[in-house]
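Working notes, beginning with the structure itself.
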Amino acid sequence: MDPLTESLSLIKAALERLGIRYVVGGSVASSARGIWRSTLDVDLVAAIKAAQADALVEALGPEWYADSEMMRRAIQARRSFNVIHIRLAQKVDIFPATEAFHEAQLQRGTVIPLGAGGVPCPVATAEDILLAKLQWYRMGGEVSERQWSDIAGILAVAPELDATYLRAWAARLGVQDLLDKAVAESKRDQPW
11 MDPLTESLSL IKAALERLGI RYVVGGSVAS SARGIWRSTL DVDLVAAIKA
61 AQADALVEAL GPEWYADSEM MRRAIQARRS FNVIHIRLAQ KVDIFPATEA
111 FHEAQLQRGT VIPLGAGGVP CPVATAEDIL LAKLQWYRMG GEVSERQWSD
161 IAGILAVAPE LDATYLRAWA ARLGVQDLLD KAVAESKRDQ PW
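Residue numbers (our numbering): 11 to 202.
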């Protein structure tokens, strides 16, 4: 089993055992919804509460580096934290669902097979991962070729996108100008 498949299987099992809703985002999701590229980590948005940190550490077990105190502090500060599968050196970044956009991603994600092993996981929709990538591109100073390439890949490959949803959230997230630029560069036939 490849590292991505194995890590996804294990983190998925732990989160589901605890009843923590999650959705795969980041480059794994943009690869699933757009053009594939290799990535060194897995990003998840999860509806995890600080009180669940100890239980998650226990569910992951000794195969994982996971610090419950660091997790609690990150969740309370509305920041991401990571856990690492030690043997595989596979990092999983977990973004606590603390915003309305996170909740939208959790509600809209659809289950698709991921990794070489085809692990069925809820994955952010093409629209949501596009919006998240636009946010990351903006927060990174609008210089990341990798983020922009992921954005272009989604626009190039994704079937019809919900333009109304994209425009509404892009305005709320402050990335409407970037969405307009990406769509113009993609030369999509879809009306915007």
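Backbone N, C-alpha and C define an ideal beta-carbon position, used for all residues, glycine too.
Here's the rule I'm using: 16 or more other beta-carbon atoms within 10 Å means buried, otherwise exposed. How should residue i be labelled?
i, result
"D138", "buried"
"V167", "exposed"
"M207", "Since the first residue shown for the chain is 11 and the last is 202, residue 207 is missing from the structure and cannot be characterised."
"G127", "exposed"
"S17", "buried"
"I21", "buried"
"V67", "buried"
"Q86", "exposed"
"G150", "exposed"
"S48", "exposed"
"P132", "buried"
"A121", "In the sequence as displayed, the identity of residue 121 is Val instead of Ala. Flag for V121 reads exposed."
"A180", "buried"
"T174", "exposed"
"D23", "According to the sequence displayed, residue 23 carries Ala and not Asp. Looking at its Cβ environment, which holds fewer than 16 other Cβ atoms inside 10 Å, A23 is exposed."
"V129", "buried"
"A39", "buried"
"A142", "buried"
"A178", "exposed"
Let me check understanding here. Comparing Cα to Cα, which of the options lies closest to residue i?
i, options, result
"F111", "A126, G128, L140", "L140"
"I58", "P72, W74, S90, V38", "S90"
"L98", "Q145, E73, L188, S78", "E73"
"D187", "G150, P169, Q145", "Q145"
"H95", "P13, A84, A181", "P13"
"E26", "A76, Y147, L124, L70", "L70"
"V185", "R83, R148, A63", "R148"
"Y109", "R88, D64, L124", "According to the sequence as given, residue 109 is Glu; it is not Tyr. Per the Cα distances, R88."
"A61", "R83, Y75, S40", "R83"
"E152", "K191, R177, E170, L124", "K191"
"D172", "L183, A65, T135", "T135"
"S19", "L124, L183, R182, L189", "L124"
"L28", "A178, D77, A63", "A63"
"K101", "P169, E79, G36", "G36"
Measuring only from the beta carbon, is residue i closer than 8 Å to any heavy atom that is part of the ligand PLP?
i, result
"L28", "Looking at this structure, you won't find the ligand PLP or any other ligand, since it has none at all."
Based on the DSSP output, what are the partners of residue i in its beta bridges?
i, result
"T120", "V133"
"D53", "G35, D103"
Is residue i close to chain D, meaning its C-beta is less than 9 Å from at least one C-beta of that chain?
i, result
"E109", "Among the chains in the structure shown there is no chain D, since it carries only a single protein chain."
Does the pairing of the region 190 to 197 with the region 149 to 169 give three or more beta-carbon distances under 8 Å?
Using a Cβ-Cβ distance cut-off of 8 Å, the region 190 to 197 and the region 149 to 169 are in contact, since at least three pairs of beta carbons, one from each stretch, lie closer than that value.
At least three beta-carbon pairs within less than 8 Å, the region 49 to 65 to the region 105 to 116:
Counting Cβ pairs under 8 Å, three or more are found: they touch.
At a cut of 8 Å, does the region 35 to 52 reach the region 164 to 181 through at least three beta carbon pairs?
With contact defined as three or more Cβ pairs closer than 8 Å, the region 35 to 52 and the region 164 to 181 are in contact.
Give a yes or no on contact between the region 21 to 41 and the region 115 to 122, applying the rule of three or more CB pairs nearer than 8 Å.
Taking a contact to require three or more Cβ pairs closer than 8 Å, the region 21 to 41 and the region 115 to 122 qualify as touching.
What are the complete beta strand (DSSP E) segments, minimum 3 residues, inside the region 61 to 115?
For the region 61 to 115, whole beta strand (DSSP E) runs of length 3 or above, ordered along the chain, are 91 to 95, 100 to 106.
Considering only residues of the region 137 to 178, which uninterrupted alpha helix (DSSP H) runs meet the minimum length of 4 residues and lie entirely inside it, listed in chain order?
Taking only runs of at least 4 residues, the alpha helix (DSSP H) segments lying wholly in the region 137 to 178 are 155 to 167.
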